[in-house]
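Have a look at the structure below, then the notes.
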DNA sequence: CCTTGACCTTCCAGCGGGAGGAAGCCCCAT
DNA sequence: ATGGGGCTTCCTCCCGCTGGAAGGTCAAGG
């Protein structure tokens, strides 16, 4: 299986797959012509990574999750800890964005949005 | 006024101020010793930028907002359009994160988090 | 046999918005 | 004169890719 097929079957761009090899997630064999030869195990890992990334896990979290996935003697507590940490990170981002959104939304609503220069948005950001 | 004072008065790190000069937001004069000499106008701009960045506007949006702020003949509609665009971007980010959060939260709650290897989080990400 | 075009390879640069650090001036107080 | 803090420039790094250049490979068609 060449990279193109691995890409279409995993749903990841070929560029991303090369990058994942670069950071050590997979180590595909090489054909005599230098092309990467993907086995099913690598495809499984790629699919796993695609889903983990879709849940927003960082590369390093993915590395840890992948190791746990491969470790048949893992404790689910370890997985859960990573996931909860990531959940907290998401919550913080949402909180930050929500705060921003609230402030900005007020300003947008207060702005007439016409041809006149007076603007509560700029007024808010202006010193004093 | 040296960069240290400009930093503490604007609330921006000195590094950030140098970066903002680099991208053309300010053009402070230089003392004979090469130190940046900030005037009040530059400090005002920096303060404006600090607030705009706190609302999450990108550097390029800040550039446009700064230009409108300086333009006494601006139309508030132009400001509002930028702000609404940014509001939409924030909403999209929040939506993405909320979707992620929901999916991940379900998985975390379903995971026992004990010493056993069975884990709904990994199961969800595993192929098949 | 030659060409075309799709696929593959490597390497290098860049995105945003700075942060971190090295090497070296400048200036003031002791 | 010595120490310490502030300032300067320049360079690298962060994340997670993404784009492009320059070139090798392969199968089909003329």
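Chains as they are written, first to last, in the numbering used here: chain D, 1 to 128; chain G, 129 to 256. By construction, the Cβ of each residue, glycine as well, lies at the ideal position given by its N, Cα and C atoms. What you are looking at is a predicted structure, and each value in this text was computed from that prediction instead of being measured.
Should residue 65 of chain D go down as buried or exposed, given a rule of 16 or more other Cβ atoms within 10 Å for buried?
Residue 65 of chain D is buried by the Cβ-count criterion.
In angstroms, rounded to a whole number, what distance separates the CA positions of residue 42 of chain D and residue 250 of chain G? Approximately 17 Å, taken between the alpha carbons.
Q) Do you know offhand how far residue 11 of chain D's Cα is from residue 21 of chain D's? A) So the alpha carbons of these two residues sit roughly 16 Å apart.
query = Where does residue 167 of chain G fall in DSSP's three states?
reply = Of the three classes helix, strand and coil, the one that applies to residue 167 of chain G here is coil, per DSSP.
Point to revise | Listed by chain order, chain D residues near residue 218 of chain G by CB distance under 8 Å | key: Correct list: 97, 100, 101 and 104.
| query | Would you call residue 13 of chain D buried or exposed, if buried means 16 or more other Cβ atoms sit within 10 Å of its Cβ? | reply | Residue environment for residue 13 of chain D: exposed (fewer than 16 other C-beta atoms within 10 angstroms of its C-beta).
**Asked** How big is the Cα-Cα spacing for residue 181 of chain G and residue 33 of chain D?
**Response** Roughly 51 Å between the two C-alpha positions.
Decide if residue 101 of chain D is buried, meaning its Cβ has at least 16 other Cβ atoms within 10 Å, or exposed.
-> It counts as buried.
- Item | Interface residues of the stretch 136–162 of chain G facing chain D [CB-CB below 7 Å] | Correct list: empty, as no residue qualifies.
For a contact defined as C-beta to C-beta under 7 Å, what are the partners of residue 48 of chain D on chain G? Simply 253, 254 and 255.
What are the residues of the stretch 232–251 of chain G that lie near chain D, defined by any Cβ-Cβ distance shorter than 9 Å?
So the close ones are 232, 233, 235, 236, 239, 240, 241, 242, 243, 244, 245, 246, 247, 248, 249 and 250.
Q) Do we get a CB-CB distance below 8 Å when we pair residue 85 of chain D with the residues of chain G? A) So, not an interface residue.
Task: Euclidean distance between Cα positions of residue 164 of chain G and residue 58 of chain D - done: Here the C-alpha atom of residue 164 of chain G lies approximately 39 Å from the C-alpha atom of residue 58 of chain D.
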